[in-house]
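Working notes, structure below.
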Amino acid sequence: MPDPVLFAKAMSAAGVACAALIAALLTWKKPAGALRTSVAHCLSLVLAMVVGCYVLSLTLHWPPQDGLDRLLLIVLPAVAAIELVAAATKPHWAVWLLRACLAAVAGRILLHNSSLLEGTATGWSAAQVRFTLAASAVLLVAVWWLHARLADRSPGISTVLVVSAVSVAGAWPYAFGLCVRRTGGAAVGGRSGCTGHRTARPQNGNARSCRPGNRSHRSLRHSDAGRVLRRIAGQPGDSAISFTAGRMDQ
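Note that the sequence shown covers residues 8 to 257 in this note's numbering.
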């Protein structure tokens with residue numbers, strides 16, 4: 008299964024970076040207005056995602072090549088931009104129109120060129136796919152509304168810290184669970200580096216069986232976690248994730 012230690016490190020590093028930046032920006036000069044609070048919130052989330060990706064050794068590409076690239080380079084920057092506009096714009100209906108538009112297209116952006124969007128990977132009909140995307144958009148707007156209500160009712164650094172920490176910390180366990188579900192227990196890091204009973208050949212030429220729990224096998228590099236997340240994001244027609252064992256100890 009995916010290495011829990013690696014994901015715990017990414018989650019912890021992202022949470023610490025998020026809290027540190029918020030505390031620095033909001034305590035630098037008091038009182039902190041709504042605009043500075045929103046800026047601190049947005050910048051902290053961006054910094055947390057950058058730190059988490061660095062710990063997981065994720066490499067982003069432009070133009071985006073998969074769902075992970077589109078999430079980190081399109082969707083999240085759009086969210087940050089909308090929240091900055093919300094802090095400086097008085098007509099709330101205009102801000103909510105932007106939020107609703109982003110929520111409506113977020114699923115389509117993330118699943119662009121994916122077999123999941125056509126339903127071929129799940130056996131769903133086109134109507135079921137459209138319903139799922141619409142329901143996801145409604146849920147996203149609902150969570151966004153609850154977030155905004157919480158910020159309005161309890162303004163201050165404590166609310167921003169809590170919301171940011173929960174948002175960042177919740178992203179990495181979700182990715183961890185998604186890896187476990189899609190890989191069927193295949194290893195991303197840790198002691199086991201392959202699935203099933205594949206055979207790997209070390210440099211000395213002696214074939215050795217690679218089995219889960221084999222201590223003689225080196226842990227996969229952190230960059231392998233990035234490969235797993237990218238394969239989960241999906242290329243067209245991908246239905247499974249394959250893993251290749253690293254070198255074995257001599």
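For each residue, glycine too, the CB sits at the ideal point set by N, CA and C.
Quantities reported herein were computed from a predicted structural model and do not represent experimental measurements.
(message) Can you look up H99 in the DSSP assignment and give me helix, strand or coil?
(response) helix
(message) For the pair the segment 14-26 and the segment 67-79, tell me if three or more CB-CB distances fall below 8 Å.
(response) no
(message) For a test of the three-state rule: what should DSSP assign to H154, helix, strand or coil?
(response) helix
(message) Output needed for V62: all residues of its chain with C-beta closer than 7 Å, excluding positions within five of it in sequence on either side, in chain order.
(response) K16, A17, A20
(request) Report the residue ranges of all alpha helix (DSSP H) runs contained in full by the segment 29-68; include only those spanning at least 4 residues, in chain order. (result) 41-62
(message) Given this structure, state the Cα-to-Cα distance separating A31 from A133, to the nearest angstrom.
(response) 48 Å
(request) For the alpha helix (DSSP H) holding G74, just list the boundary residues, first then last. (result) 74-77
(message) With three or more beta-carbon pairs closer than 8 Å as the criterion, would you say the segment 50-59 touches the segment 105-115?
(response) no
(message) Going by DSSP in three states, L118 sits in which element: helix, strand or coil?
(response) coil
(request) Let me know the secondary structure DSSP gives M18 once reduced to three states. (result) helix
(request) Tell whether a beta-carbon distance below 8 Å holds between L50 and L83. (result) no
(message) My output table needs one value for S143: the three-state DSSP class, helix, strand or coil.
(response) helix
(message) Would L109 and A85 be called neighbours here (beta carbons separated by less than 8 Å)?
(response) yes
(request) Taking the CB atoms as reference points, tell me whether V53 and A88 lie closer together than 8 Å. (result) no
(message) Could you compute how far the alpha carbon of A149 sits from the alpha carbon of R106?
(response) 11 Å
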